[in-house]
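As they're listed, the protein sequences go chains U, S, D and H. First residue of the first sequence: 929, per this note's numbering; consecutive thereafter. First residue of the second sequence: 929, per this note's numbering; consecutive thereafter. First residue of the third sequence: 929, per this note's numbering; consecutive thereafter. First residue of the fourth sequence: 929, per this note's numbering; consecutive thereafter. Backbone N, C-alpha and C fix where the C-beta goes; we use that ideal spot for every residue, glycine too. Owing to the predicted nature of the structure, the values given are computational and were not obtained by experimental measurement. First comes the structure, then the notes that go with it.
4 protein chains.
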Amino acid sequence: MRALVYHGPGAKAWEEVPKPDIIADTDAIVRVDTVTICGTDLHILKGDVPAVTAGRILGHEAVGTVEAIGSGVKTVIAGDRVLVSCISACGACRFCREGHAGQCMGGGGWILGHKIDGTQAEYVRVPFADTSTYLVPDGVTDEGILMLADILPTGYEVGVLNGGVRPGDVVAVVGSGPIGLSAITGARLFSPSHVVAIDLADSRLEAAKQFGADITVNNVTEDPLELIRSLTSGLGADVAIEAVGVPATFELAVKLSRPCGRVANIGVHGEPATLHLEEQWIRDITITTGLVDTYSTPTLLRLVTTRQIDPARFVTHRFALDEFDEAYDVFARAGETGALKVVLSRTS
Amino acid sequence: MRALVYHGPGAKAWEEVPKPDIIADTDAIVRVDTVTICGTDLHILKGDVPAVTAGRILGHEAVGTVEAIGSGVKTVIAGDRVLVSCISACGACRFCREGHAGQCMGGGGWILGHKIDGTQAEYVRVPFADTSTYLVPDGVTDEGILMLADILPTGYEVGVLNGGVRPGDVVAVVGSGPIGLSAITGARLFSPSHVVAIDLADSRLEAAKQFGADITVNNVTEDPLELIRSLTSGLGADVAIEAVGVPATFELAVKLSRPCGRVANIGVHGEPATLHLEEQWIRDITITTGLVDTYSTPTLLRLVTTRQIDPARFVTHRFALDEFDEAYDVFARAGETGALKVVLSRTS
Amino acid sequence: MRALVYHGPGAKAWEEVPKPDIIADTDAIVRVDTVTICGTDLHILKGDVPAVTAGRILGHEAVGTVEAIGSGVKTVIAGDRVLVSCISACGACRFCREGHAGQCMGGGGWILGHKIDGTQAEYVRVPFADTSTYLVPDGVTDEGILMLADILPTGYEVGVLNGGVRPGDVVAVVGSGPIGLSAITGARLFSPSHVVAIDLADSRLEAAKQFGADITVNNVTEDPLELIRSLTSGLGADVAIEAVGVPATFELAVKLSRPCGRVANIGVHGEPATLHLEEQWIRDITITTGLVDTYSTPTLLRLVTTRQIDPARFVTHRFALDEFDEAYDVFARAGETGALKVVLSRTS
Amino acid sequence: MRALVYHGPGAKAWEEVPKPDIIADTDAIVRVDTVTICGTDLHILKGDVPAVTAGRILGHEAVGTVEAIGSGVKTVIAGDRVLVSCISACGACRFCREGHAGQCMGGGGWILGHKIDGTQAEYVRVPFADTSTYLVPDGVTDEGILMLADILPTGYEVGVLNGGVRPGDVVAVVGSGPIGLSAITGARLFSPSHVVAIDLADSRLEAAKQFGADITVNNVTEDPLELIRSLTSGLGADVAIEAVGVPATFELAVKLSRPCGRVANIGVHGEPATLHLEEQWIRDITITTGLVDTYSTPTLLRLVTTRQIDPARFVTHRFALDEFDEAYDVFARAGETGALKVVLSRTS
């Protein structure tokens, strides 16, 4: 089969590799029908994720068709259309049993395209298939569900649910890339009074409006703190969601939050931030961090089925599987191309 | 009457001042029977709290007897023995109605000995008496309840409840001064499997044992991280409580916490700390800060009545009201004197 | 002034009575601009609420203008437009401080038009004005907010929040009168996947559709249990809300709920119901009851301001204040008149 | 091997049967070292549980040694000492993944000694071994952990955690049999101010005192409602736990609870109860039911290891495995024999 193989910093190729086999009896082999590229994949390609070694097939999001299952797999069979989640769950360790599969200690967690070969390939071996795949509901297209593999549960769990968004809240979302847009999508489910999107790029703020932000702030030209204060009698946002991953945006999110407010960090950070405890110790704030656990995937699936969220709207560019080079290029130059998420599909 | 008056950084005097009068109809005038000194008072004396201006009577903790009440006071009458809480609650603003009186926007919050004259005096005017004083239960001595004015609800709410301590948890408490000991006392109410006290001074660690820590670590000579890991199969503490107020202890508390753990900051900080988001973004941690709200005071009162907590055990030194100079001196030199809390009582 | 006075079972009159005076310093006198009639008022008129004695002015919902305030009132002044809530809150008792003003032990709770004279009058004395009235936001009409006095917080708190409605849930609402419609309105704020309205009258089910139910069941002709099971793979509703107040509807709500589901009773009951513990002991269900506490009123006010809920849509009939006889008649014959809520307004 | 086989209502025998084999690759075969009898087993013997058919080996609680494992078992190996839990968890279905294994839809739940052969035998086949057994910590005896198979997590989860016991609460426990004593044990972990045990038998009330009730009421001779009111300023219990399973005790528990209180039903009921909604609709109460899920087993294991709970204290009588007839007889006549829990152990 062919797959997108990482060959060390800066190097990748769509090339011929052996088709995967079942190793453990809880594995499934899934034919990849539709797959996407994540911002994390770009980080890997830069060499920022040393756990990914040369020779690894990338990718941790897919919709596909089960080809074969191990003897221990009980909930899916060959021919089933499934969502392959970015998180594999052993289902038996403490963290999996407490709903924190992202912290799985039994061999799961984020492993696809990271510690084992991933989904950017014609076929992928999916460990713990019973607890790591989800049947695609009838009538839902591949594109209509693919974003439930990673960005939608990430924005919803790590941003919206950790942030405790409630009806009537003022929610500030710092960053309007795909993850920020996921957080906006998820926040809207709780009927906040305002969702304020903050970004440096007007094009992303325009997308934020399409996804449900009713107020946008370009923080090159406007002061988001002043705006949030004007909306909240000077108090600050009920919930501030960080969706970028640099110190400045985290520090902004903390500053935007009201006394007794919540700051939910989603961003992947590469360096420390400054926490102004000399101001915050007295303000009763709650700061959360997190990797997605995917416990919300069944909920999001129901909302897709009833058309209350539409994951397909993230898709801006479409490619065939053997066009990975072009797809990576378009996605990497999102500023110019306007790409939110690019999708690659099997052609026959 | 006589009172302990702040005269600017480094200067204070026990001197004659006018007796307070009722100003608002929700005020009570309380004769101070027993009063204590807080670490915060020492900070004020150093000039660290600029909101406190020269001429201010210090003190925000007392047990006393109601002398007079305004026309709007309904729940206490002259002659009642009351606890005067460090937090005054207007009872009507958003934060008071949500249980966050520490953030009161209606003229309350921490005001005694800060923005208005305080309790280190023969008499004190207590605003919002209905929602800021608590009747002393029959049979409870002044010393038996005085620490409910500040340190016990602070340790319990900001440390233990914000930290979400649960039965079976491993709880790390960084700092074994009076606030740390309060947190240990409160944590024990939830039957954690281990309470680990961490401090630089063996004398304070000895006190921590008396208050319920089953393991103590002097982090001059031992590595608390290694110890916590050995107790938790390498995972880290379920809850880490910061009870000092400097960057190093906060950063230690974060480091000690397990994935999906909680870090509850109680310490009063004067400078920023470093938050290692490059390590923590993926660990699902929750960090909280807070000023006490005193919503737990009724619960703590019940536990005093049934002798499940004994606030009097914090009292190491006793003085008469006109011995404030000596009392401050003993408390300020706690390292030498072994003082936890000093108490001053009316003598006739 | 004139007021609607109860004269014992079956008897009432719009008649001349003395204008109320301030009694306690926390009182406000409010000129009634717009007022409505509650189903409870009909019960009182039948003699079902013995605490209401002859001579009592009825009514516990109004929007009006502050005429005068007692010396202890701090948050409203003469001339302010205010919502008069059905719940008066002393603000100082245990239940008020815990957010349960409906259970107030300090002289509040549901007292207007019950234990003291109410709002169906030209003027009303409102006790505890600081914690029992809410400023009407600029730009909001009387009708645009009146239903926040009772039915909207009742449906939201006692139905939706007690029921713990979450995104993706299947919510069954038994009863589509004004309270059921309030529960539907509130449930929609949380993006359930389905809101199923169940009633005996097609006209009310039609209203339920207008208010946000996507599925309706007339349980004269259809079996709601079968329908709910077909929606939920046989499991049952995530949340079942009882909004009628008779044994059969409560028992239906319990039967409709899934294992680990929640049953939120809003209905006012006059007789016991049967709880089938022989079926339910093993099903992990949670049943709640409650009187509204109005802790959600500030949230609902924000949602009115941002036009996310529209309380005016409950208003089907409008009258002048001196048309109380006609208004009661139209409201009492809701089955024929199609009345949801009738509104009476001051004419000059 | 020999096993205790049910032969229809009233009939059982300790007799020779085939040793179990591994059927599914997630099974373990466990040699039973110590086993107990549950009140439910007595119900089965009376014919009250029709799902149990003649020929079934009874028992759902054991400590044993793993003899063999299926190819899919990852967390235990032959020779491991394990607790066999009364709940089997498939680990993959919705309820298992949400922490509600008692409601497992994947073939688990309460199946041992019910739908499949159980633990009252020399060997038992345990399905889903990874998620249904727990390693016995070093240094803990069989008796020191056996009650974690059923009654301790039942009392803790269904009584204490569903009831939301908090420090300072007044907790009423109706029924002082083994399950009531488990609830008392669990409640004490949260430092309630009072645990009031209510029963008809003085001998059980005596046991309740030993297990941590500080007040006991024989409701033949005393009125528990009056006592609870005297403790709570007339309000009622914060939490009432039903641990019997008949209508009268459930109705008493409801009556004992305060406004805004919680009623946690643990009892197994055979007939409906009356819920006095005409009194309770206005009192903001929460009623819960439930079967144990065993999500608390790891917590309870930690508390055993640190000696904060001592499951062995439930054991009043000890037998060899081939003395099942005597053991059942002593347990069935608990009123005369004073039996709490009887234990049978392998003798060689």
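With burial defined as no fewer than 16 other Cβ atoms inside 10 Å of the residue's Cβ, what is the status of residue i: buried or exposed?
{"i": "residue 955(D)", "result": "buried"}
{"i": "residue 1269(U)", "result": "buried"}
{"i": "residue 1181(U)", "result": "buried"}
{"i": "residue 935(D)", "result": "exposed"}
{"i": "residue 1040(U)", "result": "buried"}
{"i": "residue 972(U)", "result": "buried"}
{"i": "residue 1066(D)", "result": "exposed"}
{"i": "residue 990(H)", "result": "buried"}
{"i": "residue 1258(S)", "result": "buried"}
{"i": "residue 1151(S)", "result": "exposed"}
{"i": "residue 1085(S)", "result": "buried"}
{"i": "residue 1130(S)", "result": "exposed"}
{"i": "residue 1255(S)", "result": "buried"}
{"i": "residue 951(U)", "result": "exposed"}
In this structure, does DSSP put residue i in helix, strand or coil?
{"i": "residue 993(U)", "result": "strand"}
{"i": "residue 975(D)", "result": "coil"}
{"i": "residue 1146(S)", "result": "strand"}
{"i": "residue 1037(S)", "result": "strand"}
{"i": "residue 940(U)", "result": "strand"}
{"i": "residue 1080(S)", "result": "helix"}
{"i": "residue 1201(D)", "result": "strand"}
{"i": "residue 1086(D)", "result": "helix"}
Compare the C-beta of residue i with all C-beta atoms of chain B and state if any pair is closer than 8 Å.
{"i": "residue 1119(U)", "result": "Protein chains U, S, D and H are contained in the structure displayed, whereas chain B is not."}
Taking the CB atoms as reference points, tell me whether residue i and residue j lie closer together than 8 Å.
{"i": "residue 964(S)", "j": "residue 1074(S)", "result": "yes"}
{"i": "residue 976(S)", "j": "residue 1198(S)", "result": "yes"}
{"i": "residue 932(U)", "j": "residue 1031(U)", "result": "no"}
{"i": "residue 1142(H)", "j": "residue 1098(H)", "result": "no"}
{"i": "residue 1010(S)", "j": "residue 1051(S)", "result": "no"}
{"i": "residue 958(H)", "j": "residue 992(H)", "result": "yes"}
{"i": "residue 928(D)", "j": "residue 1076(D)", "result": "This structure does not reach residue 928(D), given that chain D is present from 929 up to 1276, and the question cannot be answered."}
Anything in chain U within Cβ reach of residue i, meaning under 7 Å, just list it in chain order.
{"i": "residue 1209(S)", "result": "1193, 1195, 1196, 1197, 1217"}
Can you name the residues of chain S whose CB is closer than 9 Å to the CB of residue i?
{"i": "residue 1189(H)", "result": "Those within 9 Å of residue 1189(H) in chain S number zero; the least Cβ separation is about 15 Å."}
{"i": "residue 1072(H)", "result": "In chain order: nothing, as chain S lies at least about 16 Å away."}
Starting from the beta carbon of residue i, find every residue of chain H whose beta carbon is closer than 7 Å, and list them in chain order.
{"i": "residue 1206(D)", "result": "1197, 1198, 1199, 1200"}
Name the DSSP bridge partner or partners of residue i?
{"i": "residue 1173(H)", "result": "According to DSSP, residue 1173(H) bridges with nothing at all."}
{"i": "residue 920(U)", "result": "The shown model of chain U, from 929 to 1276, leaves out residue 920(U), and the question about it has no answer."}
{"i": "residue 1096(H)", "result": "Paired residues: none, contrary to the question."}
{"i": "residue 1193(H)", "result": "1170(H)"}
{"i": "residue 1185(U)", "result": "1165(U)"}
{"i": "residue 1054(U)", "result": "956(U)"}
{"i": "residue 1122(S)", "result": "1098(S)"}
{"i": "residue 934(S)", "result": "940(S)"}
{"i": "residue 1011(H)", "result": "991(H), 1062(H)"}
{"i": "residue 1104(D)", "result": "According to DSSP, residue 1104(D) bridges with nothing at all."}
{"i": "residue 1129(D)", "result": "DSSP lists no partner for residue 1129(D)."}
Closer than 8 Å by beta-carbon distance: list the chain H residues that pair up with residue i, in chain order.
{"i": "residue 1000(U)", "result": "953, 954, 999, 1000"}
Give me the chain D residues within the contact set of residue i, using Cβ-Cβ distance strictly less than 9 Å, ordered along the chain.
{"i": "residue 1152(S)", "result": "Chain D residues near residue 1152(S): none, gap ~37 Å exceeds 9 Å."}
If the cut is a Cβ gap below 7 Å, which residues of chain D does residue i touch?
{"i": "residue 1031(U)", "result": "The premise fails here: residue 1031(U) is roughly 23 Å from chain D at the closest Cβ pair, so nothing lies under 7 Å."}
Check the Cβ of residue i against every Cβ in chain S and list those closer than 8 Å, keeping chain order.
{"i": "residue 1059(D)", "result": "1019, 1020, 1025"}
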